[in-house]
Structures are given as structure tokens and as C-alpha cells.
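In our numbering, the protein residues as written are 466 to 795. All residues carry an ideal CB built from backbone N, CA and C; glycine is no exception. Since the model is a prediction, treat every value here as computed from it, not as a measurement. Working notes, beginning with the structure itself.
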């Protein structure tokens with residue numbers, strides 16, 4: 466929207482099903498020229514890049530934090546800056562705070578007061594910057610440690626005091642039997658005994674961790690009640706329905722309600738002999754289910770290439786620590 470030129474943005478069939486009208490409407494109100502080529506409200510988009518005037522907009526606080534972060538990052542280039550008024554409950558706040566923290570590191574001033582975020586017009590400044598490793602990706606290694614009889618795993622480049630909301634994984638996995646020791650290089654995971662008989666957590670601030678914990682809890686035999694999952698319905702797939710369908714293949718019956726709650730009360734069903742986990746073009750489905758191979762023999766992951774979205778070396782890394790990763794005909 467900001468760069469001069471004529472642009473067309475499209476994606477996979479799943480991407481074309483993900484609503485984007487809130488972001489498009491916001492950008493158009495700030496001076497962008499974006500139109501829909503196919504279905505209104507969804508990609509594919511035609512964009513005529515030009516200067517954005519900025520100003521004030523109102524957004525529901527429960528929209529995807531990706532929309533909010535996108536607006537924040539382009540805001541300094543707007544002639545008048547940008548003021549965003551967030552209405553109602555603001556979900557995924559850590560992702561928004563991380564965006565503002567990184568913007569601040571590169572010289573952009575922001576003010577978040579209550580439900581209002583104000584970004585001033587200015588240029589980003591180039592500075593030396595250490596990129597931290599990805600805590601969301603680290604969650605799958607915590608899962609492997611939890612499902613193993615014994616484990617000691619060192620993950621490099623992860624900080625105890627992190628701007629990433631998903632660093633919460635270190636605290637949450639204590640209840641599932643994984644302790645974290647932080648060093649000057651990263652974190653060492655060690656297998657311990659689980660500390661809970663049932664897990665309760667509101668994932669409103671860490672929705673990308675929900676799949677990891679759902680799979681881990683079931684295989685450990687720890688019932689759970691997870692809330693704050695309203696954003697899972699509009700991710701790469703409907704992650705709540707996907708979890709229910711694929712966990713059933715492993716013998717676990719999950720239930721959901723109110724479009725934001727997922728629970729497992731311990732109910733089991735007959736598992737499939739050679740389960741093939743459908744990934745729904747969702748990288749996190751593939752990565753959350755793969756560690757189940759520690760306890761579930763012959764598990765297969767369909768469309769394994771989906772991990773390239775966030776962790777392209779995932780299968781290579783699993784092979785290096787002893788997983789037998791082989792291409793199968795599904």
C-alpha cells in the first residue's frame with residue numbers, strides 16, 4: 466500500500482478463505498487504494514501503492530493481532546502518523562507489545578494508553594540488532610521433552626526475559642514435566658515429573674501454543690480445559706476443529722464450545738492403527754503432532770512441507786536428534 470507501483474497479492478486456497486476486509490478497510494480509510502479481484506473481503510487483492518495520509522481509526526480489539534501489527538509497522542511512514550482506538554477486549558496483547566518494542570528499538574516512538582495506540586510520523590533508524598530465536602518453534606522441543614522418558618535439550622538464542630509472548634511456554638511446561646535452565650547461550654530443557662492432574666489455561670495471549678499443549682496433554686493422559694481460543698477459528702485452518710478431528714485418530718475425544726473453549730475430560734476412543742495426520746495447510750498442525758511419534762508408532766504427517774512457513778529445517782532437526790523421518794506415500 467505504501468510503495469509506489471501496482472501490486473497483486475494472492476495466496477493458497479486456504480489463504481483466500483481468510484477474511485481480510487478489516488485490514489483492507491482500515492488501510493483504505495488511511496489513504497490506500499486496495500480492491501478485491503475475486504471474492505469481496507478476501508484475497509486476491511489489487512493494490513495501487515501511494516503515500517498514506519494516516520489519521521485515526523477504530524478497530525475491534527479481538528481482531529487478529531497480525532492486522533494491528535501490520536498497521537503499526539507502516540504507521541511511521543504515514544504523513545500524519547496513526548492513532549488506533551481498540552474497542553472491547555484486546556486479544557493477543559503480547560504480539561502487539563512485541564511489535565511496538567521492536568519498532569522502538571529502531572527509533573520509532575509509540576504511546577499505548579489504555580485502549581489507544583499512537584504512532585508518530587518518522588523514519589526507522591538502522592541499528593545493530595540481535596534476533597532472538599523463536600519461542601513458538603521452541604514449544605515443539607518442550608513437547609518432545611515432556612513425551613520422553615528422559616530428556617536434556619539445549620536450545621540456543623532464547624532469552625528468559627523475552628519480548629515474545631510465547632516465552633510463556635517455559636512456565637507452562639513446568640506443570641507437564643519440563644524444567645528450564647537459562648544460560649548465557651539459551652535454555653536447557655530437562656525432563657521432570659508432571660505437577661498437575663489437569664491443566665487449565667487461558668490462551669488468549671498465546672494462541673499459537675494451543676495445539677502444542679492439546680497434543681501433549683492428551684498423550685500424557687492429562688485432561689485439560691483451554692479458554693481464550695477465539696482466534697483459532699481464523700488461523701491457517703480452523704484449528705479447533707482440526708485438533709478434534711486429528712486427535713480422534715489417535716484415540717482422544719475432544720470437545721469445544723462457545724468458539725473459544727477446547728477441553729478433554731479423559732474420554733478415549735479406538736485409535737487408528739496407522740494414523741495419517743491431516744495438516745490443513747497449517748504448519749503448526751504438522752509440528753505439534755510430529756512429536757507424538759515418541760509415544761504413537763507409525764504416525765504419518767500429511768503435507769509435511771507446510772513447516773516451511775516458519776521452521777523449514779524442522780524435519781532435518783528431528784532427524785539429527787534421532788527421529789526416523791522418512792517420506793511416505795499417503
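Meets three-Cβ-pair contact criterion under 8 Å: the region 711 to 722 and the region 678 to 693
yes
When you compare the CB positions of residue 511 and residue 500, do they come within less than 8 Å of one another, or not?
A contact, by the Cβ cut-off of 8 Å.
Count Cβ pairs between the region 641 to 648 and the region 656 to 666 that sit closer than 8 Å; are there 3 or more?
Enough Cβ pairs lie closer than 8 Å, so yes.
Quick test of the definition: if touching needs 3 or more C-beta pairs under 8 Å, does the region 599 to 618 touch the region 763 to 770?
Cβ pair count under 8 Å is below three, so no.
Exposed or buried, residue 561, counting other C-beta atoms within 10 Å across all chains shown (16 or more means buried)?
buried
Who are the near neighbours of residue 624 in its chain, counting only those whose CB is closer than 7 Å to its CB and skipping five residues on each side?
597
How big is the Cα-Cα spacing for residue 566 and residue 538?
Near 11 Å, if we compare the C-alpha coordinates of residue 538 and residue 566.
Tell me where the beta strand (DSSP E) around residue 704 begins and ends.
Premise fails: residue 704 lies in the alpha helix (DSSP H), 704 to 714, not in any beta strand (DSSP E).
Looking at the unbroken alpha helix (DSSP H) that takes in residue 530, where does it start and where does it end?
530 to 539
Length of the line joining the Cα atoms of residue 791 and residue 669:
Rounded to whole angstroms, the gap between the alpha carbons of residue 791 and residue 669 is 36 Å.
Could you tell me whether the region 689 to 706 touches the region 717 to 729, using the rule of 3 or more Cβ pairs below 8 Å?
yes
DSSP beta-bridge partners for residue 500?
511
Can you check DSSP and say which residues form a bridge with residue 744?
According to DSSP, which records beta bridges pairwise, residue 744 is partnered with nothing at all.
Mapping DSSP to helix, strand and coil, what is residue 578?
strand
Based on Cα-Cα distance, which residue from 533, 636, 740, 653 lies nearest to residue 793?
740
Judging by CA-CA distance, which residue of 731, 650, 699 is the nearest neighbour of residue 672?
Nearest of 731, 650, 699 to residue 672, Cα basis: 699.
Assuming residue 630 and residue 559 form a contact by the criterion Cβ under 8 Å, report the distance between their Cβ atoms to the nearest whole angstrom.
2 Å
Between the Cα of residue 563 and those of 553, 533, 543, spot the shortest distance and give me the residue it belongs to.
With distances taken between Cα atoms, residue 563 lies closest to 533.
Round the Cβ separation of residue 524 and residue 496 to the nearest angstrom and send it over; I've been treating them as touching at under 8 Å.
The pair is not a contact, with the Cβ atoms about 17 Å apart (cut-off 8 Å).
When the cut-off is 8 Å and only beta carbons count, does residue 750 lie next to chain D?
Structure shown: chain D not included; a single protein chain is present.
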